[in-house]
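Structure first, commentary second.
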Amino acid sequence: MKKTAADAVKRQEAHRHRPSPAPVPVDQPYPCLFYPGKRNQIFCTISNPTKTYHRRIPKLQNNRFQSKYRLQNPFWCNGYLYATLFRNIVKIHDFQPNSLKIEFLTEVPENKLESFVNFNRYVIESCGELFTIQIVLHVSFKHVVAIELHRFDFSEKVWLTVKSAKDRAFFVMAGCRWGFSYPAYSPEIEGNRVYFTLARDDHKNLYAYNIEDGDISVSSAFLNLPKLHPPPMWVMPDLRLATTSKEAQHSIHMEEQQGGEVHGKVNDLRDLEETNDANEGHLPYLPYDLVELIFQRLFLVDYLHFRATSKMFNSAAPLIPWRISSQRFENLSLSPWLTLFNQKDGGCAFIDPNYGDKYFINLPQTLKEGIVICSTKDGWLLMTVGDEDYESLFLFNPFTQVILPLPGRRDRIQNFSCIGFSSLPSSSECVVVEVLVDKKSSFPIFNECTLGGDRWYECTTDDAFIFNNSPVFYRGAFYYLGQKGNLGIFDLCDEGYIWDVPTKPKPPCTCYTQNYLVECNGELLSVFVGHFGKWVRVFKLNESKKTWIGVESLGNYMFYVSRSSSFSAKAKTPEMENKIYFPRFCGKNNVFYSLETGKYHTRESKDVVDFYSSREKLSCGWIGLNLGGAR
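Here the sequence shown is numbered in the working numbering, starting from 1 and rising by one per residue.
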C-alpha cells in the first residue's frame with residue numbers, strides 16, 4: 001500500500017497523544033550499562049534491560065560538548081548519576097522513556113605537567129565526595145613523575161587540592177579509567193594512600209603513593225601472575241553489612257580519641273611549659289663570651305641545634321645572616337640537602353642525607369600553593385607556582401627568601417619537558433633555557449631568556465629527542481642526556497644558537513629505566529639505573545675519543561641524582577665517599593648506592609636495603625648549600 005503525507009500526519013498525531021510512561025525512579029542507586037557507539041550512546045538499567053536509551057550526546061551550554069565525545073566511567077554520588085565526557089563531568093538525570101538530561105557539572109582540573117603528555121585520570125566517588133586522581137607518567141612510560149589529587153567542592157563549584165585523605169585508601173588501575181575508595185580499617189591496607197599498578201611491568205608490582213608525604217613505594221606483590229591481556233582490574237568485595245559494625249566502632253573510637261586529645265593537649269602543653277621553665281633554671285650558667293666561643297666553632301647543622309637547645313642559647317647565638325655574605329659560612333663545605341615542599345603545612349623541608357635531620361623553612365604567602373620544583377643550582381630553586389588559571393616561573397632562594405620572577409610568555413609555562421639555568425642569578429650572564437616538546441613531531445623547542453630580560457626567545461629544531469632530566473651547564477653549553485642514552489648539546493653563541501645531537505658517543509648500555517647526567521671535577525659523567533634498581537652503572541665521557549668509559553669508583557666524591565637536579569660533592573669523611581644518593585627512603589633514612597659493595601644501604605644500617613622496601617620522593621630536588629652565593 002502506498003503511504004501518503006496524510007497517513008504520516010495521522011501517525012504523528014497518534015504518537016503525540018500516546019500516554020507517556022512514568023519516569024524511572026532514581027531515589028536509590030541502580031546499575032547502568034553503557035555501550036559507547038560511534039554516533040550514539042546506548043545504555044540501559046539492569047532492572048529493565050529491555051528498555052534501552054539511545055541518546056546522541058547533545059551540544060550543551062556554549063557548544064561545550066561535541067557529539068563525537070562518549071560518556072564513560074559512570075558513578076553514583078549523593079543521589080545522582082554522573083559520568084565523564086572527555087575532560088568534563090556531567091550529571092545524568094530526569095530519565096524518560098525516550099529522553100534524558102545531561103547537565104554539565106564541571107571540568108576536571110588540568111594537570112600541571114602536561115608536557116609529560118602521558119597520564120591517567122580517574123574520577124572517584126568516596127563517602128559522598130568527588131575526587132580526581134591524575135597519575136603523570138614520563139613520556140617514556142618508564143616511571144611516575146607526579147600524582148595529583150583534587151576534591152570537588154559542590155557548594156563553591158571548585159576543585160581543592162587534597163593534602164591528606166586520613167584513613168581512606170584509593171585503588172586505581174593504569175590502562176582503564178575506573179577506581180574506587182575503601183576505608184582503611186584492616187591492618188593490611190594503609191590509609192592516606194593511592195594504590196595502583198603499571199602496564200610497563202605487566203601489572204606485577206603494586207605501587208602505593210603516600211598522599212601526605214608525597215612519596216611512592218613499590219612491592220613485588222604479583223610477580224607470579226602471568227602476562228594478562230586485557231590488564232587485570234580491582235574488585236572490591238561487598239562487605240557493607242559486615243563492616244557496618246566496624247565503622248560504628250571505629251567512629252566511636254575516633255570520637256573518644258579526639259575528645260581525649262582536646263583535653264590532653266591543654267594539660268600537656270601546660271606541663272611542658274612548666275617543665276621547660278624549671279629546666280631552664282638548672283642549665284649551667286655560662287658567660288656569654290664562652291657561649292659565643294662555642295657557637296663560632298660549630299658546623300651549620302650543629303649551630304641550628306645549639307640555638308634550639310634553650311632560650312639562653314637562642315638569645316646568645318644570633319640568627320644566621322643569610323642575606324649577607326658571611327665569611328664564616330662561605331668556606332664551609334656542606335653536603336647537598338634534599339628539598340621538598342610540605343603540602344600540608346605550606347613550608348619548605350630540607351633533609352640531610354648523611355645525618356637524617358629534617359629542617360623546615362617558612363615560605364612567603366605567595367608560595368603556599370601549587371609549587372613545582374623544576375631545577376636547582378647553587379642554593380637556588382627554579383620553580384613554577386600557581387593554579388590552572390595563572391602560573392609564573394621564577395627563581396627562589398629559600399634561605400634569603402629572595403624571589404626573582406622570569407618574564408611571562410604566551411605558552412603555558414608548565415608545558416616544559418625540562419629546564420635549567422647556567423649560573424648564579426647574581427651573575428649578569430645567568431641564562432635560563434626551557435625545552436618544550438612538540439607533541440606531533442617530538443621535536444624540541446628551546447626558549448631562552450636572561451635574568452632581568454622582558455621576553456623569551458624561541459629556538460626551533462628538527463631532531464626528535466626525548467628529554468629525561470634537567471640539563472647540566474658544562475663548558476659554556478647545556479648538555480642533555482636523552483631517554484635513549486644519547487647526548488644533546490645546546491650552545492648559545494654570539495651568532496645565535498646551535499643544537500646538536502651527535503652520533504657519538506653511542507649509548508653505553510640498554511634496558512634501563514632512569515639515567516642522569518652529572519658534572520664532577522671538570523668532567524661529564526652519566527649514571528644509569530636498571531629496571532627496579534637491579535643495577536647501577538657509571539660512565540665517564542672521553543671527549544677526545546667520543547665514547548663512554550665505565551667507572552668503578554667515584555674516589556672521594558659523592559653523587560646526588562634526581563630528575564630536577566644532579567651534581568657531585570666532595571666527601572667530608574671516608575665513610576661518605578664513593579656513594580650515589582637517590583631521592584629514596586627506607587623508614588626515615590635516605591637510601592644510597594655504594595659502588596664499593598654494589599648494593600643499596602642507609603646510614604644507620606650496613607645491611608643491604610631491598611629496593612622494594614624503599615620509597616621514592618616524587619616532587620623534590622637536591623640543593624647545594626652554597627651559602628656564600630646565596631644572595
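Don't be surprised by glycine CBs; every beta carbon is placed ideally from N, CA and C.
Keep in mind that this is a model prediction, so the values were computed, not measured.
Beta-carbon contacts of residue i that lie in its chain and below 8 Å, excluding the five residues immediately before and after
i: K504; result: K546, T547
i: M173; result: G179, F196, T197, H203, P231, P232, M233, W234
i: G420; result: S375, K377, L382, V432, V433, S470, P471, V472, F473, F478
i: N589; result: G356, T602, R603, E604, S605
i: T366; result: V385, I403
i: F632; result: This structure cannot settle anything about residue 632, because the visible part of the chain is limited to 1 through 631.
i: M236; result: F171, F180, Y182
i: P364; result: Q401, I403
i: T461; result: F443, P444, I445, F446, W499
CB contact flag (residue i, residue j, <8 Å)
i: L554; j: N578; result: yes
i: Y474; j: E519; result: yes
i: I89; j: V108; result: yes
i: L406; j: L393; result: yes
i: T161; j: H150; result: yes
i: T339; j: I373; result: yes
i: Y581; j: Y600; result: no
i: K166; j: G191; result: yes
i: V591; j: S614; result: yes
i: E110; j: K163; result: no
i: T513; j: V529; result: yes
i: F170; j: I133; result: yes
Cβ-based neighbour list, residue i, same chain, cut-off 7 Å, excluding 5 preceding and 5 following
i: S126; result: R168, S181
i: Y612; result: V218, S219, S220
i: E616; result: D215, I216, P583, R584
i: N276; result: Here N276 scores only 45 on pLDDT, less than 50, and its place in the model is too uncertain to base an answer on.
i: N362; result: G347
i: L225; result: K204
i: F539; result: P508, L525, S526, W548, I549, G550, V551
i: A146; result: L113, V136, L618, S619
Reference residue i; option with closest CA among the options
i: A208; options: V194, D201, N120; result: V194
i: S565; options: Y516, S426, C77; result: Y516
i: L71; options: N78, T84, C77; result: T84
i: V136; options: E129, F86, E148; result: E148
i: Q483; options: I623, S470, S186, N521; result: S470
i: E604; options: C586, S619, N486; result: C586
i: F154; options: L130, E552, L340, S315; result: L130
i: D607; options: L338, W159, I373, Y593; result: Y593
i: D201; options: G476, F559, H531, G485; result: H531
i: S315; options: D289, W499, L367; result: D289
i: C418; options: A146, S427, V435, E110; result: V435
i: T450; options: W535, E429, F443, I133; result: E429
i: E575; options: K157, P353, N342; result: P353
i: F567; options: E212, P336, M236, K163; result: P336
i: R455; options: G408, G485, Y497, G476; result: G408
i: R563; options: V536, K534, W535, W622; result: W622
i: S423; options: F443, G624, E103; result: G624
i: F86; options: V291, N73, F313; result: N73
i: F465; options: N486, Y457, G452, G476; result: N486
Distance between beta carbons of residue j and residue i, contact taken as under 8 Å
i: S526; j: L481; result: 6 Å
i: E448; j: V432; result: 7 Å
i: I92; j: L81; result: 5 Å
i: G522; j: V501; result: With a Cβ gap of about 24 Å, G522 and V501 do not count as contacting.
Same chain, Cβ closer than 6 Å to residue i, neighbours up to 5 away in sequence not counted
i: D463; result: V501
i: A571; result: N556, M558, E577
i: L395; result: W380, L382, L404, P425
i: F75; result: Y82, E125
i: C459; result: F446, Y497
i: G533; result: F611
i: G641; result: It is not possible to answer for residue 641, since the shown part of the chain is limited to 1 through 631.
Near the ligand MG: residue i beta-carbon under 7 Å from a heavy atom
i: K540; result: With respect to small molecules bound, the structure shown includes none, and the ligand MG cannot be examined in it.
Segment contact flag, the stretch 179–198 with the stretch 498–518, C-beta cutoff 8 Å, min 3 pairs | no
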